[in-house]
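No gaps in the numbering here: position 26 of the sequence shown is 54 in the numbering used here, and each next residue is one more.
Cβ coordinates follow ideal geometry from the N, Cα and C atoms, glycine included.
Predicted model only: the values in this text are computed from it and were never measured.
These notes are about the structure you will find just below.
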Amino acid sequence: MFILVTLLILLTPSIQIDDTLGKYKALSFPGDGESFVTFLPDTSPFADVFSFCGWVRKVGSAGWPILLAYGGEEVRIQDDGGHNCIFGTCIRLINKFTVAKGTWFHYCSTWSSESRQFREYLNGKLIASRATTPGRHLQTGLVFTLGNWGEGGSQWLQFEGTCSTSMSTLKSSRDLK
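Here's what the structure looks like:
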């Protein structure tokens with residue numbers, strides 16, 4: 029998956045690698061509506077449990093700035109908490125995302141089919157938790173996009189800023205350190 033993402037970045041010259049984080053690297057999106065990373069990863073390891081975490085620094089103000097989208101609304105996270113979705117159900121967390129533009133913040137979400145809870149954290153504090161449908165699993169084989177919606181290309185949905193993200197199969201929110 030890393031090789032594919034690197035290749036897409038090299039083919040999209042407006043996305044830059046931001047190395048102002050010292051030894052850490054991040055993607056910088058200029059907010060032009062055409063700068064995004066889209067790929068089709070093997071998500072089968074995440075069907076029953078996943079976490080998505082990342083450091084984010086927002087600098088733009090698009091209408092619905094989407095940090096990541098997996099399969100449209102299967103999982104969708106906006107950089108301002110506007111419509112954060114799991115399995116097609118979205119909630120508004122704008123009043124919880126009180127981070128000023130240009131400031132780094134840490135966002136993390138966790139979900140497992142066992143607990144049926146989708147939990148969202150901002151700077152280490154739980155800001156939302158909601159139950160999902162019993163027996164529901166993450167759909168596999170969908171498009172994963174960083175910096176925009178679905179296949180990208182919409183200036184209204186663009187993320188403008190810098191992010192360093194990861195997705196893993198942590199067993200629960202207790203595994204987050």
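Three-state secondary structure (DSSP) of residue i
i    : result
L185 : helix
S63  : coil
F74  : helix
A128 : coil
T168 : coil
L32  : Only weak support is given to the placement of L32: the predicted model assigns it a pLDDT of 30, under 50, and the question is left unresolved by the model.
Exposure of residue i, with buried meaning 16 or more beta-carbon neighbours within 10 Å
i    : result
A75  : exposed
R147 : buried
F187 : buried
G91  : exposed
R164 : exposed
S9   : Since the first and last residues shown for the chain are 29 and 205, residue 9 lies out of range.
L55  : buried
D70  : exposed
K86  : buried
T190 : buried
Span of the beta strand (DSSP E) around residue i
i    : result
I119 : T117 to I119
N112 : N112 to I114
Residue i - partner residues in DSSP beta bridges
i    : result
S137 : F80 and E148
L174 : V65 and L96
S157 : R147
I105 : L96
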